[in-house]
Each structure stands twice: as structure tokens, then as C-alpha cells.
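In this note's numbering, the protein residues as written are -1 to 273. Where a beta carbon is used, it is the ideal one built from N, C-alpha and C, also for glycine. The next block holds one structure in the form of C-alpha cells; read it before the comments.
Here it is in C-alpha cells:
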């Protein structure tokens, strides 16, 4: 169901609960009765809320062991400090995802996939397991960054405006159940530099270090051998499974055949040979 949270939503939840409880007396087996899941948006959620995302809808999904219980689209500007969902008894997988450019993705069941030719979006999300075996359950979620911005500075390169970077990877989506990366082709052309000699793209969470980049001229020819960007990032000790992904700055010196990597928030500088 698609609901925008407001006062009426709470009334509906309470009414549904009241109806369900007429069939769920204290003396009877209550295993088939629903649980009220409360998502607290005042604690960790508020403290980890991404800056500038106030107008981005939050897509909340609750999955039981058998199926998706609920799917709500919430406007966090008006939905209030608590969100309540009726969910199945047992254990729930709960995710909440902010996707600024929803049109860049398509959904297949409980899987979210990038449309061909797009870079990853600036997705922030939370994922948690909740014990919903009793009448009520509570979740105080923490929002985490689900992408890395990769900055590429290319030294010793003339006529930088006449080249582009082609990025190829093998993760094309994410699970709505637990935010894990899903296999699929990722192909993105970085055609315009941020500034002379500097490019950037957003990388989705990776499953393994198999992403590559090609520097291509106006005729479509590779200017240099392919750069195994996934392997370079992994060599720094970067863990693609980290809950909160970090940005990476890569400086490529073609004459010296080196790549210098700096991971956001780390003190160490990493230098590796390329060709």
C-alpha cells in the first residue's frame, strides 16, 4: 500500500488494531494477531538525517519471513515524530530508503535496480531486524550512506577536455530487504570534468573488487590501459560492506604510472603502481 503519513494514518492503524483485537482476546492464541511497530524519528534517525534531504520522500518497507507486510512513502517534513505500522508476528526486516532521483531506478519485487547508463544515486538508508513477536515493537534506526563519490584527478594528460572516463562494474542494484548489493551491469560515462583534469562519479556498494575504468578519446579509443579501480580501492583496506560508505580521491599520474588514493576520514595516503 502507498500511504503518506498524517493524522489519518494513525487513525487507520488504531482502527485496524481495534478490529484485529476483537478476534485476539487475552485468553486466546495471539500468534496470528498483528504487532504495532513504532519507528522513532526523534533519536538516532534525527541525529543521522542527511543534510538537504528534507524534501526527499522516505520509502519504508517491512518484510516478514513470507512476504512484504507494508510499503509506505513518507514525507518526513509532516509525518510526525513516530511512524506506526501493522506487521506480522515473528521477526521483521525493516528498511527505510531516501532516493533523490527515483526515476533512475526500477523495482522488481523486493529489488531496486539502476536504469542503464546511470551512476548510483545519493542513497541514504537504514536496515534493521525487529522482533515483532509481541503486541508492540520499537525501532530507533540509524541512517547510513549507501554510495561512494569517487573523485578522479588525472595528471600528465594533455587536452583533457577531449577525453572521458568509461566506468564498468557488475553491481546494478540493491535489495530492499537488507540493502545488500545485487549483481547487474553498471556502465557509466563521465563525459564532463568537474574542473580541468578532475572527474567524479557515484559508485554503488560493491560485492567484489571488479570495477574498471577506461580513459577514452573522442574517437572512442583507449588512451591508456584499463585501470582496475575496484582492486585499487580494496588494496587500501576499504571494506565495501561498511554500513557507512566513504568517498575516495584518486590521483592518476600517467607518466609515472601511479595511482594515489585518499579515503575520506583516513590519515594514510596510498600509492600504487598501475601499468
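Within the same chain, and ignoring the five residues on either side of residue 263 in sequence, the residues whose Cβ sits closer than 7 Å to its Cβ are 244. The criterion of a C-beta distance shorter than 8 Å is not satisfied by residue 61 and residue 139. About 6 Å separates the CB atoms of residue 71 and residue 57; that is less than 8 Å, so the two are in contact. Apart from sequence neighbours up to five positions away, the residues of its chain that approach residue 241 with a beta-carbon distance below 7 Å are 142, ordered along the chain. Distance check between residue 149 and each of 207, 227 and 81 places 227 closest, using alpha-carbon atoms only. Per DSSP, the continuous alpha helix (DSSP H) segment holding residue 43 begins and ends at 42 to 45. CA-to-CA, the gap between residue 102 and residue 271 works out to about 35 Å.
Buried is the label assigned to residue 151, since at least 16 other Cβ atoms lie within 10 Å of its Cβ. Under the 10 Å beta carbon count, residue 273 is surrounded by fewer than 16 other beta carbons and is classified as exposed. Residue pairing by DSSP leaves residue 31 without any beta bridge partner. As the crow flies, the alpha-carbon of residue 112 is around 32 Å from that of residue 130.
Bounds of the alpha helix (DSSP H) holding residue 233 are 227 to 233.
Around the beta carbon of residue 203, 16 or more other beta carbons sit within 10 angstroms, so the residue counts as buried. Of the residues 210, 186, 69 and 39, the one whose Cα lies closest to the Cα of residue 232 is 210.
Between residue 162 and residue 214, the beta carbon gap of about 6 Å places them in contact (Cβ cut-off 8 Å). With contacts defined as CB atoms closer than 8 Å, residue 89 and residue 173 fail to qualify as a contacting pair. The closest CA to that of residue 120, considering only 183, 49, 81 and 63, is found on 49. Taking residue 67 as the centre and dropping the five residues before and after it, the same chain places the C-beta of 60, 61, 83, 84, 85, 86 and 90 closer than 8 Å to its C-beta, in chain order.
Counting along the chain, residue 80 sits inside the beta strand (DSSP E) bounded by residues 80 to 85.
In the DSSP assignment, residue 193 forms a beta bridge with 196. Counting only the Cα atoms, residue 40 lies some 11 Å from residue 81. Taking 8 Å as the upper bound for CB-CB distance, residue 144 and residue 186 are not in contact here, some 17 Å apart.
Closest in alpha carbon position to residue 257, among 237, 224, 238 and 265, is 224.
Just so you know, the alpha carbons of residue 249 and residue 261 end up roughly 12 Å apart.
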